[in-house]
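S.K.: Residues in the sequence shown are numbered from 634 upward in steps of one, following my numbering. Quick one: this structure, given as structure tokens, is what I'll be asking you about.
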Amino acid sequence: GGSIPQPAALTNLTGLKPTYGRVSRWGMIAYASSLDQGGPLARTAEDCAILLQGMAGFDPNDSTSIDEPVPDYSASLNGSLQGLRIGVPKEYFSAGLDPRIADLVMASVEELKKLGAVIKEISLPNMQHAIPAYYVIAPAEASSNLSRFDGVRFGYRCEDPKNLEDLYKRSRGEGFGTEVQRRIMVGAYALSAGYYDAYYLKAQKIRRLIKNDFMAAFNEVDIILGPTTPNPAWKLGAKNSDPVAAYLEDVYTITANLAGLPGLSMPAGFVDGLPVGVQLLAPYFQEGRLLNVAHQYQLNTDWHTRTPQGF
């Protein structure tokens, strides 16, 4: 749900997830086809603008690619933030958010206010349903997309299979990690007869409600701001025994994926020496607006230039 903004936040980088369809996925291994979107990770918003300029554009090889003119992203960096309306969803500041991260988010809000932005509290009432909706839709699509990796046509092939059934079982069992296997099983279950309406169809309805919430919010504000992750980075393997705890780390980023919106994470400080990111969301195809806000913020702060302890 946050394969660009989350690693950016946890490693003190700037990461931009473009609008769904803005960047071609041709050549990428499909995970969840209605959610997958590539984008740049870099030190600064300025570098992200340069990278996105080369990545964005229509590609006839990708059926989800959108034929929309590509603006000059670097030219958008130096616009004034005077009068820019920034919305801060009240739902972002729930019990699951580390209070130290909340403080850093609000510090970034104050910095943007100094640059002329106008801050407004908004509501995204269906955000609470995002995690369960995402973790039905994404595994369902993954179970379909990854079914081709059978050791015959695609992917890893086990050594010396006894028969065709052994080839399938061992190739997929050895070739996919535990988490991938878990998601395939969840997705296959959600799509199975008798459960499609109960899970997958309901999840798609929630997805529409979440998109509607964003559309209503963008009638009032130009940008939405909040934390990228509820916690700083955890130790490798610390959440392996509790998948739900790991899934909850996606709570702020998956809504943008479900709605297909562009989102950017930028460095905003440290907690216990670990980097913290602030996420910006914008209407469709407004990546330039995100880059503008992030660049102006980075001209007036130095979080993105600091090296985390132990890096």
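All residues carry an ideal CB built from backbone N, CA and C; glycine is no exception.
(1) Start and end of the beta strand (DSSP E) containing Arg-805?
(2) Which value, in whole angstroms, describes the spacing of the CA atoms of Trp-936 and His-928?
(3) Do Leu-824 and Ser-780 have their CB atoms nearer than 8 Å?
(4) Would Tyr-725 be called buried (16 or more neighbouring beta carbons within 10 Å of its own) or exposed?
(5) Do you know how far the Cα of Ile-752 is from the Cα of Phe-809?
(6) Who are the Cβ neighbours of Pro-758 in its own chain at under 8 Å, not counting the five residues just before and after it?
(7) Going straight from the alpha carbon of Gly-820 to that of Arg-803, what length do you get?
(8) So Thr-861 and Gln-912 are supposed to be a Cβ contact under 8 Å. How far apart are they, rounded?
(9) So for Ser-947, helix, strand or coil by DSSP?
(10) Is the stretch 700 to 711 in contact with the stretch 857 to 871, if contact means three or more CB pairs nearer than 8 Å?
(11) Cα separation between Tyr-664 and Ala-831?
(12) Terminal residues of the continuous beta strand (DSSP E) containing Leu-932?
(13) Three or more beta-carbon pairs under 8 Å between the stretch 889 to 900 and the stretch 834 to 850, yes or no?
(14) Hey, Leu-897 and Leu-685: beta-carbon distance below 8 Å or not?
(15) May I have the straight-line CA-CA distance separating Gly-687 from Ala-708, to the nearest angstrom?
(16) Am I right that Ser-698 and Gly-671 are in contact with their C-beta atoms under 8 Å? What's the rounded C-beta distance?
(17) Mapping DSSP to helix, strand and coil, what is Gln-715?
(18) Just to confirm the assignment, what range does the alpha helix (DSSP H) spanning Lys-868 have?
(19) Measure the beta-carbon distance from Cys-791 to Glu-812 and round it to whole angstroms, keeping in mind my assumption that it falls under 8 Å.
(20) Does DSSP put Phe-726 in a helix, in a strand, or in coil?
(21) In the DSSP output, which residue or residues are listed as bridge partners for Leu-674?
(22) In chain order, what residues of the same chain have a beta carbon less than 8 Å from the beta carbon of Pro-876, not counting five sequence neighbours either side?
(23) Suppose the cutoff is 6 Å on Cβ atoms and the five residues either side in sequence are ignored; what does the same chain contact list for Gly-902 look like?
(24) Identify the continuous beta strand (DSSP E) that holds Gln-912 and give its terminal residues.
(25) Pick out whichever of Leu-907, Glu-743, Ala-675 has its Cα sitting closest to the Cα of Gly-720.
(26) Go through its chain and collect everything with a Cβ distance to Gly-735's Cβ below 8 Å, but skip five positions before and after it.
M.R.: On the basis of the supplied data:
(1) Mapped onto the sequence shown, residue 805 falls at position 172. Premise fails: Arg-805 lies in the alpha helix (DSSP H), 797 to 808, not in any beta strand (DSSP E).
(2) Along the sequence shown, one-based indexing puts residue 936 at 303. Along the sequence shown, one-based indexing puts residue 928 at 295. Cα-Cα distance, rounded: 12 Å.
(3) Sequence index remark: in the sequence shown, residue 824 carries index 191 (1-based). Sequence index remark: in the sequence shown, residue 780 carries index 147 (1-based). No. Outside cutoff.
(4) Indexing the sequence shown from 1 puts residue 725 at position 92. With 16 or more Cβ atoms within 10 Å of its Cβ, Tyr-725 is classed as buried.
(5) Start at 1 with the first residue of the sequence shown, and residue 809 comes out as number 176. Start at 1 with the first residue of the sequence shown, and residue 752 comes out as number 119. Phe-809 and Ile-752: Cα-Cα distance of roughly 45 Å.
(6) Position 125 of the sequence shown, counted from the first residue, corresponds to residue 758. Closer than 8 Å at the Cβ level, and outside the excluded window around Pro-758, lie Glu-724, Asp-846.
(7) By 1-based counting over the sequence shown, the position of residue 820 is 187. By 1-based counting over the sequence shown, the position of residue 803 is 170. Distance between the alpha carbons of Gly-820 and Arg-803 is about 20 Å.
(8) If you number the sequence shown from 1, residue 861 lands on position 228. If you number the sequence shown from 1, residue 912 lands on position 279. Contact holds; Cβ gap of about 4 Å.
(9) Lying before the first or after the last residue shown, residue 947 is absent from the chain, which here runs from 634 to 944.
(10) no
(11) By one-based count along the sequence shown, residue 664 stands at place 31. By one-based count along the sequence shown, residue 831 stands at place 198. The alpha-carbon atoms of Tyr-664 and Ala-831 are separated by roughly 23 Å.
(12) Taking the first residue of the sequence shown as 1, we reach residue 932 at position 299. Per DSSP, Leu-932 belongs to no beta strand (DSSP E); it is in the alpha helix (DSSP H), 920 to 932.
(13) yes
(14) As a working note, residue 897 is residue 264 in the sequence shown. As a working note, residue 685 is residue 52 in the sequence shown. If you check the CB distance, Leu-897 and Leu-685 do not come in under 8 Å.
(15) Working through the sequence shown from its first residue, we reach residue 687 at position 54. Working through the sequence shown from its first residue, we reach residue 708 at position 75. A straight-line Cα-Cα distance of about 14 Å links Gly-687 and Ala-708.
(16) Here residue 698 corresponds to residue number 65 of the sequence shown, with the count starting at 1. Here residue 671 corresponds to residue number 38 of the sequence shown, with the count starting at 1. About 11 Å separates the two Cβ atoms, so there is no contact after all.
(17) In the sequence shown, the residue the question calls residue 715 occupies position 82. The answer is coil: DSSP assigns Gln-715 none of H, G, I, E or B.
(18) In the sequence shown, residue 868 corresponds to position 235, counting from 1. From DSSP, Lys-868 is part of no alpha helix (DSSP H); its letter is neither H nor E.
(19) Counting from 1 along the sequence shown, the entry for residue 791 is found at position 158. Counting from 1 along the sequence shown, the entry for residue 812 is found at position 179. 20 Å between Cβ atoms; not a contact.
(20) Within the sequence shown, the letter at position 93 stands for residue 726. Of the three classes helix, strand and coil, the one that applies to Phe-726 here is coil, per DSSP.
(21) In the sequence shown, the residue the question calls residue 674 occupies position 41. Leu-674 pairs with Gly-648.
(22) Stepping through the sequence shown from its first residue, residue 876 is reached at position 243. Cβ within range, chain order: Glu-812, Arg-815.
(23) For the purposes of this step, residue 902 is taken as residue 269 along the sequence shown, with counting starting at 1. Closer than 6 Å at Cβ, skipping near neighbours: Leu-737, Val-909, Trp-936.
(24) Working through the sequence shown from its first residue, we reach residue 912 at position 279. DSSP places Gln-912 inside the beta strand (DSSP E), whose first and last residues are 907 to 914.
(25) One-based indexing of the sequence shown puts residue 720 at position 87. Checked all of Leu-907, Glu-743, Ala-675; the closest Cα to Gly-720 is Glu-743.
(26) Position 102 of the sequence shown, counted from the start, is the residue given in the question as residue 735. Gly is not the amino acid found at residue 735; the sequence shown has Ala there. For Ala-735, where only same-chain residues beyond five positions count, the Cβ hits under 8 Å are Phe-726, Pro-860.
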